[in-house]
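As structure tokens, the structure follows; a few thoughts come after it.
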Amino acid sequence: MSNSLKSKIESAPIAQDGPWASVGEHPNAITNRFYTYERVQEIVKFIQIIVPTKPEIAIICGSGLGGLAELIVNKTVIPYTDIPHFPKSTVVGHRSNLVFGTLNGLNVVCMQGRFHPYEGYTTATCAFPVRVMHMLGAHTLIVTCAAGGVNKSYSVGDIMLIKDHINFPSMAGNNPLIGHNDERFGPRFPPVGHAYDRKYSLQMKQIANKHNFELREGVYCALGGPCYETIAEINLLRLLGVDAVGMSIVHEVTLGAHCGMRMLGLALITNKCLSEYDSTVEAVHEDVIRISELKANELQQLILDFIDGIKEQQI
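Mapping the sequence shown onto full-length UniProt numbering, position 167 (from 1) lands on 167, and the numbers just tick up by one.
The structure is reproduced here in structure tokens:
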């Protein structure tokens with residue numbers, strides 16, 4: 001076929017204006033083309049008119065764990081629906097507010113409700129608020145989540161310090177950084193091998209010891225959801241060294257690493273994953289919320305003391 005007969009669609013470059021730019025363009029590439037540096041700046045400027053103080057710590061609350069935001073003092077609450085270009089959370093147990101104020105004397109911003117790919121959002125959309133919070137001034141990101149216990153020694157109600165993660169969506173070609181990379185956000189190829197800050201992890205262990213809380217430490221794995229895992233999937237994950245499984249966190253941590261933020265991750269084990277075919281117990285979301293609410297105070301105490309440590313020791 002001569003060059004003159006080639007179709008315009010066939011030869012159109014990726015990242016040209018419009019979602020029709022390339023037949024095979026990845027949804028995350030389209031999302032990242034929309035959430036440009038300038039558009040994130042626009043969101044930040046809108047928020048700064050309402051909240052002029054700069055947050056130092058960003059917190060993302062998992063299912064049933066949004067109560068941490070209630071402990072924030074001198075707070076300003078901005079519903080996601082009021083923020084330009086912001087998605088909203090649609091999951092039971094996730095409110096849809098950005099909460100600003102102080103915790104133990106430090107300025108914080110807290111996402112009361114996160115976004116998940118199973119809601120219909122791209123992984124880039126799920127994670128882009130991290131860029132907003134970083135541009136507002138946050139240097140540290142604390143992520144929390146409800147998770148299923150894959151490790152057979154874990155019990156419902158355990159809190160796991162996340163030392164590493166397995167990002168199955170990314171392995172399947174669904175990384176939130178796919179598409180054009182703006183160096184003002186971060187490098188094209190960011191390292192994530194030490195995404196969870198070692199000094200932060202050590203500090204959290206010391207805090208848990210002080211309160212005589214049993215703190216697990218393990219590997220978190222993210223799957224797409226919204227289905228809970230099959231028995232074969234759980235047994236596979238156990239062989240891979242996974243301790244807990246969920247449907248969030250990894251997209252946010254990826255963008256946090258891209259921004260150069262220091263990060264701490266905590267997973268609350270709300271159910272034991274099904275791994276025997278003769279078992280009659282199934283995970284249900286209502287139980288996840290119930291356990292989250294029962295253990296919320298313990299998790300909140302750990303985070304409050306951790307923030308106090310950042311303020312006192314500048315860890």
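Ideal Cβ positions, reconstructed from N, Cα and C, are used throughout, including at glycine.
Just so we're clear, the structure is a prediction, and the values are computed from it rather than from any experiment.
* Alpha carbon to alpha carbon, how far is residue 128 from residue 45? -> Position 128 of the sequence shown, counted from the start, is the residue given in the question as residue 128. Position 45 of the sequence shown, counted from the start, is the residue given in the question as residue 45. So the alpha carbons of these two residues sit roughly 16 angstroms apart.
* Asked: By DSSP, does residue 249 sit in helix, in strand, or in coil?
  -> Counting from one through the sequence shown, the residue named residue 249 turns up at place 249. It is coil, neither helix nor strand.
* Taking the beta strand (DSSP E) that residue 164 falls in, what are its first and last residues? -> As a position in the sequence shown, residue 164 is number 164, starting the count at 1. Here the beta strand (DSSP E) through residue 164 covers 159-167.
* To do: Mind checking who residue 263 pairs with in its DSSP beta bridge?
  => In the sequence shown, counting from the first residue as 1, residue 263 sits at position 263. Bridge partners of residue 263: 141, 196.
* Going by alpha carbons, who is nearest to residue 32 out of 223, 57, 121, 58? -> The residue given as residue 32 occupies position 32 in the sequence shown. The residue with the shortest Cα to Cα distance from residue 32 is 121.
* Asked: How many Å lie between residue 297 and residue 162 at the Cα?
  -> Locating residue 297 in the sequence shown gives position 297, counting from the first residue. Locating residue 162 in the sequence shown gives position 162, counting from the first residue. Rounded to whole angstroms, residue 297 to residue 162 spans 19 angstroms at the Cα level.
* For my contact list, residue 300 and residue 71 are in at a C-beta cut-off of 8 angstroms; report their separation, rounded to the angstrom. => In the sequence shown, residue 300 corresponds to position 300, counting from 1. In the sequence shown, residue 71 corresponds to position 71, counting from 1. Between residue 71 and residue 300 the Cβ distance is about 6 angstroms, and since that is below 8 angstroms, they are a contact.
* Between the Cα of residue 291 and the Cα atoms of 130, 207, 272, 277, which residue gives the shortest distance? -> Here residue 291 is taken as the residue at index 291 of the sequence shown, counted from 1. If we check each option's Cα against that of residue 291, 272 comes out closest.
* Determine the burial state of residue 171: buried for a count of at least 16 other Cβ atoms within 10 Å of its Cβ, exposed for fewer. => In the sequence shown, counting from the first residue as 1, residue 171 sits at position 171. Its Cβ having fewer than 16 others within 10 Å, residue 171 is exposed.
* CA-CA distance, residue 137 and residue 41? -> Within the sequence shown, residue 137 is the residue found at index 137, counting from 1. Within the sequence shown, residue 41 is the residue found at index 41, counting from 1. So the two alpha carbons sit approximately 12 angstroms from each other.
* **Simplified DSSP assignment, three categories, for residue 269** => By one-based count along the sequence shown, residue 269 stands at place 269. In the structure shown, residue 269 sits in a strand (DSSP, three-state: E or B).
* To do: Return the CA-CA distance between residue 223 and residue 205, expressed in angstroms with no decimal places.
  => Taking the first residue of the sequence shown as position 1, residue 223 is located at position 223. Taking the first residue of the sequence shown as position 1, residue 205 is located at position 205. Between residue 223 and residue 205, the C-alpha separation is close to 27 angstroms.
* Contact between the stretch 221-239 and the stretch 275-288 (3+ Cβ pairs under 8 angstroms) -> yes
* Which of helix, strand or coil DSSP assigns to residue 320 -> Outside the modelled stretch of the chain, which goes from 1 to 315, sits residue 320, for which no answer is possible.
* Asked: Near residue 293, what residues of its chain come up, given a Cβ to Cβ distance below 6 angstroms and the 5 sequence neighbours on each side ignored?
  -> For the purposes of this step, residue 293 is taken as the residue at position 293 of the sequence shown. The answer, listed in chain order, is 64.
* From residue 57 to residue 280, what does the alpha carbon distance come to, in whole angstroms? -> One-based indexing of the sequence shown puts residue 57 at position 57. One-based indexing of the sequence shown puts residue 280 at position 280. So the two alpha carbons sit approximately 42 angstroms from each other.
* To do: Compare the Cα-Cα distances from residue 221 to each of 107, 150, 207 and report the closest residue.
  => The residue you call residue 221 lines up with position 221 of the sequence shown. It is 150.
* If you follow the alpha helix (DSSP H) that residue 156 is part of, which residue opens it and which one closes it? -> Counting from one through the sequence shown, the residue named residue 156 turns up at place 156. First-last for residue 156: undefined, no H or E at that position.
* Identify whether residue 110 lies in helix, strand or coil by the three-state DSSP scheme. => Taking the first residue of the sequence shown as position 1, residue 110 is located at position 110. Of the three classes helix, strand and coil, the one that applies to residue 110 here is strand, per DSSP.
* **Sequence-distant residues of the same chain with beta carbon closer than 7 angstroms to residue 186, five excluded per side** => Working through the sequence shown from its first residue, we reach residue 186 at position 186. The answer, listed in chain order, is 258, 259, 260.
* When DSSP builds the beta bridges, which residues end up paired with residue 217? -> Numbered from 1 along the sequence shown, position 217 holds the residue referred to as residue 217. Per DSSP, 161.
* Whole-angstrom distance between residue 61 and residue 74, CA atom to CA atom -> For the purposes of this step, residue 74 is taken as the residue at position 74 of the sequence shown. For the purposes of this step, residue 61 is taken as the residue at position 61 of the sequence shown. One C-alpha to the other measures close to 19 angstroms.
* Any 3 or more C-beta pairs closer than 8 angstroms across the stretch 102-121 and the stretch 233-243 -> no
* Asked: For residue 103, which of helix, strand or coil comes out of DSSP?
  -> As a working mapping, residue 103 is identified with position 103 in the sequence shown. Note: residue 103 maps to strand in three-state DSSP.
* Does DSSP put residue 190 in a helix, a strand or coil? -> What you label residue 190 is simply residue 190 of the sequence shown in a count that begins at 1. Three-state DSSP puts residue 190 in coil, outside helix and strand.
* Is it right to say residue 189 is buried, meaning 16 or more other beta carbons lie within 10 angstroms of its own, or is it exposed? -> For the purposes of this step, residue 189 is identified with residue 189 of the sequence shown, where counting begins at 1. Exposed is the call here.
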